[in-house]
Ligand code: NAD
Ligand code: WQD
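In full-length UniProt numbering, the protein residues as written are 1 to 346.
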């Protein structure tokens, strides 16, 4: 029976679709292509030697979901579809609550109507909130989130918990991602941000490839090893495999929460230095003021995912950087043929 992957044409979704296909699953993708690429799915099909059923459309379109569930005997849903730009969520909160929260509500209603109660949801380490002690443990409560994006993830987690209480047939897996980076080792699929990247690794790789002049490091006066922020970066293929493990290992009803991270943190300066060493490319940088909402350091406690899913990240930082660079240097403009205007003008 096929798995429905919402947002399967995006960064993490496309890598997960590939892992699912390679593990022998059939896959149906629903994506409105707001931030995804059909080319990514075509390359996934070529890598896997298998076809994906693609439906262009919105996860908030109930009639479309009903038709999809009527046509395909879906076994479980992996729900990536949503908006993820933290800064944009501050200026457009309604778009974020509408897409991320309402999108999940519509999806769950359609699933329930189709008698389908297995859901894996893309959550985020951001739900631990701004005051949580490190490392983050799944047993900690959700905290105060720093922006509407984070709040939308925390809200969806709560909605899914309440839904599971109301109808115990639901099996919900909340996967809290730390900082996914990297690309498939083939160099065929990777992260393709629109406009100027918000996140560190795509920004560094666009500096290294010559599309951006220099990296601004947001703050060097944090109480960390070298004054720059520390994060738990994990390879996107490891992350994708975490979804596979969640589908394989968690069938029992309930709400099951897992951190997906490596359990160790690197500073921004350590990432820049490692990138230069691994790729041999210069990454000019300057120190800039702190970015609003950034926390000094956080990383995952990975014990639960190891124990219950048999999952742990296998790629080290050098592999993450090598694969990022393989993708970026092979496809400097991502899935597009030429530079985007925003990048050229910026
Ligand atoms: P992405 O933007 O590359 O992928 C999201 C996909 O969903 C895109 O292909 C987009 O076109 C699609 N989409 C968006 N809204 C939709 C809608 N209403 N209906 C149908 N399709 C829609 O992002 P990603 O990095 O692959 O992230 C996937 C999920 O993981 C998101 O929910 C994100 O919030 C979450 N997440 C990402 C990170 C990260 O650092 N990338 C960290 C934690 C959690
Ligand atoms: C990492 C570090 C920056 C860019 C965000 C979301 C989180 C999740 C992952 C989606 C920070 C520094 C960055 C730059 C820099 N997203 N930095 N210069 O903020 O840990 O997490 O993405 O779910 O919810 O908040 O990741 O890659 O943006 O930043 O110095 O140009 O790099 O200050 O310390 P972050 P990031």
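Where is the CB? At the ideal position from N, CA and C, for every residue including glycine.
For this session: Could you tell me the distance, in whole angstroms, from the CA atom of residue 93 to the CA atom of residue 148?
Result: 6 angstroms
For this session: Would you identify the three-state DSSP class for residue 326, choosing helix, strand or coil?
Result: helix
Exercise. Once you ignore the five residues that flank residue 151 on each side, which residues in its own chain have a CB closer than 6 angstroms to its CB?
Worked result: Counting only Cβ-Cβ distances below 6 angstroms, and skipping sequence neighbours, we find 145.
Problem set entry | Other residues of its chain near residue 60: CB distance less than 8 angstroms, five sequence neighbours each side excluded | 98, 99, 102, 103 and 106
Problem set entry | At least three beta-carbon pairs within less than 8 angstroms, the stretch 20-36 to the stretch 165-183 | Because the criterion of three Cβ pairs below 8 angstroms is not met, the stretch 20-36 and the stretch 165-183 do not touch.
Exercise. For the ligand NAD, any of its heavy atoms closer than 7 angstroms to the Cβ of residue 58?
Worked result: yes
Exercise. The alpha helix (DSSP H) spanning residue 104 covers which residue range?
Worked result: Element bounds for residue 104: 103-113.
Exercise. Which whole runs of the beta strand (DSSP E) in the stretch 33-66 are 3 residues long or more, in chain order?
Worked result: DSSP runs (the beta strand (DSSP E)) wholly in the stretch 33-66: 53-56.
Problem set entry | Opening and closing residue of the beta strand (DSSP E) in which residue 288 lies | 285-288
Problem set entry | Proximity winner among 267, 260 and 319, relative to residue 304 (alpha-carbon distances) | 260
Problem set entry | Candidates 210, 237, 222 and 251, of which the one nearest residue 267 by Cα | 222
For this session: Check whether the Cβ of residue 54 sits closer than 7 angstroms to any heavy atom of the ligand NAD, and report yes or no.
Result: no
Exercise. Where does residue 69 sit, in a helix, a strand or coil, going by DSSP?
Worked result: helix
For this session: Assign residue 84 to buried or exposed, taking buried as 16 or more other Cβ atoms, counted over all protein chains shown, within 10 Å of its Cβ.
Result: buried
Exercise. Apart from the five residues just before and just after residue 129, which ones in its own chain have a Cβ nearer than 7 angstroms to its Cβ?
Worked result: So the list reads 142, 143, 144 and 145, once near-sequence residues are dropped.
Problem set entry | Three-way DSSP call (helix, strand, coil) for residue 21 in this model | DSSP, reduced to helix, strand and coil, places residue 21 within a helical segment of the structure shown.
For this session: Could you please give the first and the last residue of the uninterrupted beta strand (DSSP E) stretch that includes residue 171?
Result: 171-177
Problem set entry | For residue 113 and residue 55, the rounded distance between their alpha carbons | Going by the C-alpha atoms only, they are around 20 angstroms apart.
Problem set entry | Three-way DSSP call (helix, strand, coil) for residue 231 in this model | strand
Exercise. For the ligand WQD, is there a heavy atom less than 7 angstroms away from the beta-carbon of residue 264?
Worked result: In this structure, residue 264 has its CB at a distance of at least 7 angstroms from all heavy atoms of the ligand WQD.
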